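To start, the structure under review is shown below, and the notes come after it.
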Amino acid sequence: MITKKLSDISIRISSGLTPLRTNPEFWENGSIPWLKTEQLGEKYIYDANEYISVAAVTKTSIKIFPENTLSIAMYGEGKTRGNLSIIKKPMATNQACCNVEIDSSKADYEYVYYFLKTQYDELRNLSSGIRKNLNSNDIKNYPIRLPRTKDEQTKIASVLKSIDAKIELNNRINAELEAMAKTLYDYWFVQFDFPFDFVQGKPDANGKPYKTSGGKMVYNPTLKREIPEGWTDGTLEGLGQIVGGSTPTTTEADNFCKNGTPWITPNDLSDNQGKKFITRGATDVSEAGIKSASLKKYPKGTVLLSSRAPIGYMAIARNELTTNQGFKSFVPNKGYSSAFIYYTVNNSLKAITQYASGSTFKEVSASVLKTIKIALPPKNISEKYTAAVSDTFARQDVLEKENEKLAALRDWLLPMLMNGQISVK
Numbered sequence: 001m002i003t004k005k006l007s008d009i010s011i012r013i014s015s016g017l018t019p020l021r022t023n024p025e026f027w028e029n030g031s032i033p034w035l036k037t038e039q040l041g042e043k044y045i046y047d048a049n050e051y052i053s054v055a056a057v058t059k060t061s062i063k064i065f066p067e068n069t070l071s072i073a074m075y076g077e078g079k080t081r082g083n084l085s086i087i088k089k090p091m092a093t094n095q096a097c098c099n100v101e102i103d104s105s106k107a108d109y110e111y112v113y114y115f116l117k118t119q120y121d122e123l124r125n126l127s128s129g130i131r132k133n134l135n136s137n138d139i140k141n142y143p144i145r146l147p148r149t150k151d152e153q154t155k156i157a158s159v160l161k162s163i164d165a166k167i168e169l170n171n172r173i174n175a176e177l178e179a180m181a182k183t184l185y186d187y188w189f190v191q192f193d194f195p196f197d198f199v200q201g202k203p204d205a206n207g208k209p210y211k212t213s214g215g216k217m218v219y220n221p222t223l224k225r226e227i228p229e230g231w232t233d234g235t236l237e238g239l240g241q242i243v244g245g246s247t248p249t250t251t252e253a254d255n256f257c258k259n260g261t262p263w264i265t266p267n268d269l270s271d272n273q274g275k276k277f278i279t280r281g282a283t284d285v286s287e288a289g290i291k292s293a294s295l296k297k298y299p300k301g302t303v304l305l306s307s308r309a310p311i312g313y314m315a316i317a318r319n320e321l322t323t324n325q326g327f328k329s330f331v332p333n334k335g336y337s338s339a340f341i342y343y344t345v346n347n348s349l350k351a352i353t354q355y356a357s358g359s360t361f362k363e364v365s366a367s368v369l370k371t372i373k374i375a376l377p378p379k380n381i382s383e384k385y386t387a388a389v390s391d392t393f394a395r396q397d398v399l400e401k402e403n404e405k406l407a408a409l410r411d412w413l414l415p416m417l418m419n420g421q422i423s424v425k
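See the structure below:
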């Protein structure tokens, strides 16, 4: 292994720029992707959430960075600072991104990406100032350990890339499965086109779409809209028992342990974004912790909803667990499945967030959730939906578990490959 400064193996290292927001010429009809640190963290960035115009590039000093540039977050709250990604199309960035164009004659950009992934904490420790920001000079001078030949770098990166490629494939499949399940929910319970046998007068998997085929709709004065005949109005409380959580005293070490009851926080759901199910968080609680905080254990299938800091993260419990006070979760004990509850609550998130209140941070109370009105179908319709998506949910669960194992393997190999403990033939 040899060590070189990042600048020694780079063509250019520089930050981006934010065009003047008050100048519409720089933003209207934007065609150039403009990346911000909030997007950094996934391995590849294929597009940006915002676009700037050609005029923004020609009339300011903003730069366009080429494909395969590494972009590192220099600023950002929470875990953002130190995140990095590889941009996969030419794009501009804001000034909080430090963009590193690797010289392909000197290093493999994928290898450098993986090395920097092992340096997340070390990079964050370079932060300075009140806001604890990184600066581009720190990044330029950062030492990079490299195998002596680029061929060795590429071989190491290829091992890790193959694992990431499988994870990405699984994520794409899961996204397609999610779209299918959500589309079917919308079709049945938002558009009211659940399959219905009009001859027998009951829902049937091979029936015709209810509303489109002329199914009777009845005005509901509580919901102030039409719903199918036989449906009723209700609130989110009608889906299941709404439960909260709490935090054991953190100064008592005996309240927490490694293999106790999984204890979920909103931070855990933040880390779980992109997944539907959750097994455990960063910390487990002991029986002593459960007793001291009067925690309740919630069963497999409980639908978790973060109710503060932030509001609206969701997951389905794979197993028995408990949560801190940042949740209002739904125990499915009123005849509706986890699948139906999950999408019904998800479909109500806009209304939920509108009712959030609080001076320090916004929060949604259980009493508020109990006032949010929804249309409730007869149980036989929700049961048919559950049956229709059960294989989809099971497949998603399998793929998520596989990805967790692959990520654990990658993260186990990564430091050993980077420090030379393991070599690749």
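Sequential numbering from 1 applies to the sequence shown in the UniProt record's numbering. Just so you know, even glycine gets a beta-carbon here, dropped at the ideal spot from N, CA and C. Computed from a predicted structure; not experimentally measured.
For residue i, collect the residues of the same chain with a Cβ closer than 8 Å to its Cβ; drop the 5 residues on either side in sequence, then sort them by chain order.
i: Leu269; result: Ile278, Leu304, Ser306, Tyr313, Met314 and Ala315
i: Thr247; result: Ala293, Asn324 and Gln325
i: Met217; result: Phe192, Lys211, Glu226, Ile227, Pro228 and Glu229
i: Lys300; result: Ala317, Arg318, Asn319 and Glu320
i: Ser85; result: Gln39, Leu40, Gly41, Glu42, Lys43, Tyr44, Ile45, Leu70 and Ser71
i: Lys297; result: Thr261, Ile290, Glu320, Leu321 and Thr322
Give the straight-line distance between the Cα atoms of residue i and residue j, rounded to the nearest whole angstrom.
i: Ser104; j: Lys89; result: 17 Å
i: Thr249; j: Arg172; result: 41 Å
i: Gln119; j: Gly358; result: 38 Å
i: Trp94; j: Glu383; result: Correcting the residue identity first, residue 94 is Asn in this sequence and not Trp. If I take the Cα positions, the gap works out to 49 Å.
i: Ser53; j: Ile163; result: 37 Å
i: Leu17; j: Lys117; result: 24 Å
i: Glu122; j: Thr232; result: 57 Å
i: Arg124; j: Lys4; result: 20 Å
i: Phe340; j: Phe361; result: 29 Å
i: Pro203; j: Ile381; result: 7 Å
i: Lys36; j: Gly215; result: 48 Å
i: Ala366; j: Val199; result: 42 Å
i: Tyr44; j: Asn346; result: 27 Å
i: Ser213; j: Gly201; result: 13 Å
i: Glu400; j: Pro221; result: 42 Å
i: Val190; j: Pro377; result: 11 Å
i: Ser136; j: Ile13; result: 7 Å
i: Gln421; j: Lys63; result: 39 Å
i: Arg395; j: Tyr336; result: 21 Å
i: Lys155; j: Ala179; result: 36 Å
i: Ile242; j: Gln153; result: 52 Å
Need the endpoints of the alpha helix (DSSP H) that residue i sits in, please.
i: Tyr109; result: Tyr109 to Lys117
i: Lys296; result: Segment: none, Lys296 is in no alpha helix (DSSP H) and carries neither H nor E.
i: Ile156; result: Lys150 to Tyr185
i: Tyr385; result: Lys379 to Met418
i: Thr58; result: Val54 to Thr58
i: Gln354; result: Leu349 to Gln354
i: Arg145; result: No alpha helix (DSSP H) contains Arg145, which is instead part of the beta strand (DSSP E) from Pro143 to Leu146.
i: Asn99; result: Asn99 -> not in any alpha helix (DSSP H); beta strand (DSSP E) instead, spanning Cys97 to Ile102.
i: Leu369; result: Ala366 to Leu369
i: Asn137; result: Ser136 to Lys140
Spatial neighbours of residue i within its chain, please: CB distance less than 7 Å, with the 5 preceding and 5 following residues excluded, ordered by chain position.
i: Tyr210; result: Phe192, Asp193, Phe194, Phe196 and Pro228
i: Glu110; result: Ala157 and Lys161
i: Thr353; result: Ile311 and Gly312
i: Gly244; result: Gln325, Phe327, Lys328 and Ala366
i: Ile2; result: Leu146 and Arg148
Answer with buried or exposed for residue i, where buried requires no fewer than 16 other C-beta atoms within 10 angstroms of its C-beta.
i: Pro66; result: exposed
i: Gly82; result: buried
i: Asp186; result: exposed
i: Asn29; result: exposed
i: Ser423; result: exposed
i: Pro147; result: buried
i: Tyr46; result: exposed
i: Tyr75; result: buried
i: Gly274; result: exposed
i: Gly78; result: exposed
Which residues in the same chain as residue i place their Cβ atom closer than 6 Å to its Cβ, once the five residues preceding and following it in sequence are excluded?
i: Tyr142; result: Leu6
i: Ala181; result: Val389 and Thr392
i: Lys132; result: none
i: Tyr48; result: Residue 48 is actually Ala in this sequence, not Tyr. For Ala48, where only same-chain residues beyond five positions count, the Cβ hits under 6 Å are Pro33, Trp34, Leu35 and Met91.
From what residue to what residue does the beta strand (DSSP E) around residue i run?
i: Phe196; result: Pro195 to Asp197
i: Arg225; result: Arg225 to Pro228
i: Asn272; result: Segment: none, Asn272 is in no beta strand (DSSP E) and carries neither H nor E.
i: Ser15; result: Ser10 to Ser15
i: Asn29; result: Careful: Asn29 lies outside any beta strand (DSSP E) and carries neither H nor E.
i: Leu84; result: Leu84 to Ile87
i: Ser307; result: Val303 to Ser307
For the ligand ATP, I want to know if residue i counts as a neighbour, meaning its beta carbon is within less than 7 Å of at least one of the ligand's heavy atoms.
i: Asn206; result: Summarising the ligand content, the structure contains no ligands, and the ligand ATP is consequently not present.
What is the C-beta distance between residue i and residue j, in whole angstroms, given that I count them as a contact (C-beta under 8 Å)?
i: Ile32; j: Leu70; result: At roughly 19 Å, the Cβ-Cβ gap does not stay under 8 Å, so Ile32 and Leu70 are not in contact.
i: Asp254; j: Ala309; result: Actually they are not in contact, since the Cβ atoms of Asp254 and Ala309 sit about 27 Å apart, beyond 8 Å.
i: Asp284; j: Phe330; result: At roughly 22 Å, the Cβ-Cβ gap does not stay under 8 Å, so Asp284 and Phe330 are not in contact.
i: residue 429; j: Thr60; result: With the chain running from 1 to 425 in the structure shown, residue 429 is simply not present.
i: Ala349; j: Leu236; result: A quick correction: the sequence has Leu, not Ala, at residue 349. Wrong, their Cβ atoms sit about 11 Å apart, outside the cutoff.
i: Ile144; j: Val112; result: 6 Å
i: Tyr114; j: Leu409; result: With a Cβ gap of about 14 Å, Tyr114 and Leu409 do not count as contacting.
i: Ile372; j: Thr344; result: Their Cβ separation, rounded to whole angstroms, is 10 Å, which puts Ile372 and Thr344 out of contact at 8 Å.
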